[in-house]
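Residue numbers (my numbering), protein chains in the order written: chain W, 10 to 161; chain X, 10 to 161. What follows is a short report on a single structure.
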DNA sequence: CTTGACCTTCCCATGGCTGGAAGCCTCATC
DNA sequence: GATGAGGCTTCCAGCCATGGGAAGGTCAAG
């Protein structure tokens with residue numbers, strides 16, 4: 010199996026397979042006499058493992074750790090679980106940040122007429138020295154004493 | 010005001026200010042006789058605008074468009090709103106992807122004992138040729154006819 | 001033998017920065 | 001006036017994960 014076939018079989022592009030080899034994530038592939046890379050079933054298996062881990066958002070370094078555990082027959086499942094849950098924490102943090110952005114933008118967009126006039130609360134908010142306390146706008150009944158969004 | 014003071018005043022690092030100037034996002038700063046960059050109130054204002062837009066996750070190219078609209082006194086708020094809502098769509102798409110990852114990982118982690126034994130459903134899932142239909146595991150009572158997770 | 005599809009290595013680019021090196025400028029202190 | 005700290009300047013290189021493309025070798029079918 011050459012690199013193109015391996016790429017089609019695993020969903021990892023030939024470019025990325027070479028890159029993973031270059032960076033040491035995977036061992037160097039066997040070669041034919043003429044220098045073509047050759048992949049066997051176990052290599053395909055490993056590439057698919059990487060593909061799945063990548064789809065779950067793991068970074069390359071963590072994938073390296075996962076591969077190590079995968080190969081280690083005396084691993085402890087606790088180590089795998091720890092990596093997975095740490096990644097979940099990262100993902101949730103990221104989700105929270107994105108949701109904050111969405112909430113702010115949607116509130117601003119609601120306030121924006123979206124017509125042919127130039128006045129626009131979105132631009133007004135962006136040019137404000139500090140983030141406006143848009144919670145007040147969002148839930149007019151609520152008494153908001155302090156902005157809870159923080160500058161990083 | 011030199012670049013360090015401007016950076017402290019806006020939360021945009023000196024490195025980034027130079028970078029934004031290099032890439033044409035912002036106009037070239039004035040210089041003192043000895044070559045130091047000089048920033049006036051209006052420049053500070055603009056840098057803060059960029060900072061806020063960046064905090065809301067806008068990419069540099071969109072920030073460029075927003076800056077253009079900001080400076081354009083005959084803008085139409087509809088254009089601003091369109092940019093904002095397109096960005097919201099992008100963000101929500103990203104959130105959905107991350108949530109899918111979290112759901113998969115949490116389900117797998119729940120199934121993993123997390124002890125000193127090597128057997129681990131997380132690794133088992135990663136080495137599976139196709140993503141398992143973990144929805145079945147997640148809600149045992151539900152009748153799942155098809156996996157809804159798609160390979161990209 | 002030619003053609004076209006594949007493979008190889010190499011470099012370049014992306015976004016949105018961050019870091020460092022080498023050298024100049026400014027300012028306070030001695 | 002000298003000195004030292006800490007700014008500033010430019011340039012170069014890296015991060016992650018990936019795509020693009022050039023220049024050249026290889027392979028199989030016609």
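Just so it is clear, CB atoms sit at the ideal spot from N, CA and C, and this is done for glycine as well. These numbers were taken from a predicted model, which means no experiment stands behind them.
Taking DSSP as the reference, what is the three-state secondary structure of residue i?
i                      : result
residue 76 of chain X  : helix
residue 39 of chain X  : strand
residue 122 of chain W : coil
residue 82 of chain X  : coil
residue 187 of chain X : Residue 187 of chain X lies beyond the residue range present for chain X, which begins at 10 and ends at 161; the question has no answer from this structure.
residue 105 of chain W : helix
residue 46 of chain X  : strand
residue 10 of chain W  : coil
residue 58 of chain W  : helix
residue 32 of chain W  : coil
residue 22 of chain W  : coil
residue 87 of chain W  : helix
residue 52 of chain X  : helix
residue 128 of chain X : coil
residue 65 of chain W  : coil
residue 137 of chain W : coil
Suppose contacts are defined by Cβ-Cβ distances below 9 Å. Is residue i in contact with residue j by that definition?
i                      : j                      : result
residue 66 of chain X  : residue 34 of chain X  : no
residue 72 of chain W  : residue 45 of chain W  : no
residue 78 of chain W  : residue 89 of chain W  : yes
residue 58 of chain W  : residue 76 of chain X  : no
residue 87 of chain X  : residue 125 of chain W : yes
residue 39 of chain W  : residue 47 of chain W  : yes
residue 131 of chain X : residue 118 of chain X : yes
residue 110 of chain X : residue 52 of chain X  : no
Apart from the five residues just before and just after residue i, which ones in its own chain have a Cβ nearer than 7 Å to its Cβ?
i                      : result
residue 146 of chain X : Residue confidence is low: residue 146 of chain X scores 43 on pLDDT, short of 50, so the model does not pin down where it sits. Its coordinate-derived value is still stated next. Within the same chain, residue 146 of chain X has close Cβ partners 116 and 120.
residue 41 of chain X  : 47
residue 26 of chain X  : 12, 15, 16 and 56
residue 23 of chain W  : 12, 13 and 16
residue 74 of chain X  : 92
Whose C-beta lies closer than 8 Å to the C-beta of residue i among residues of the same chain, with five residues either side of it excluded?
i                     : result
residue 37 of chain W : 30
residue 14 of chain W : 48
residue 32 of chain X : 69
residue 91 of chain X : none
Which residues in the same chain have their Cβ closer than 6 Å to the Cβ of residue i, if we skip the five residues on either side of it in sequence?
i                     : result
residue 20 of chain W : 60
residue 18 of chain W : 53
Is it a yes or a no for the segment 86–100 of chain X touching the segment 61–80 of chain W, going by three-plus beta-carbon pairs under 8 Å? no
Meets three-Cβ-pair contact criterion under 8 Å: the segment 77–89 of chain W and the segment 103–114 of chain W: no
Closer than 7 Å, Cβ to Cβ, to anything on chain X: give me those residues from the segment 79–105 of chain W, in chain order. 79, 82, 83, 84, 85, 86, 87, 89, 90, 93, 94, 96, 97, 100, 101, 103 and 104
Tell me which residues of the segment 107–137 of chain X have at least one Cβ-Cβ distance to chain W shorter than 8 Å, keeping chain order. 107, 108, 110, 111, 113, 114, 115, 117, 118, 121, 122, 123, 124, 125, 126, 127, 128, 129, 131, 132, 134, 135, 136 and 137
Output, in sequence order along the chain, the residues in the segment 44–58 of chain X whose CB is closer than 8 Å to any CB in chain W. 54, 57 and 58
With 8 Å as the C-beta to C-beta threshold (strictly closer), list the residues of the segment 60–72 of chain W near chain X in chain order. 61, 62, 64, 65 and 66
Which residues, in order along the segment 15–42 of chain W, keep a beta-carbon less than 9 Å from a beta-carbon of chain X? Residues are counted here when their Cβ sits less than 9 Å from a Cβ of chain X; for the segment 15–42 of chain W these are 20, given in chain order.
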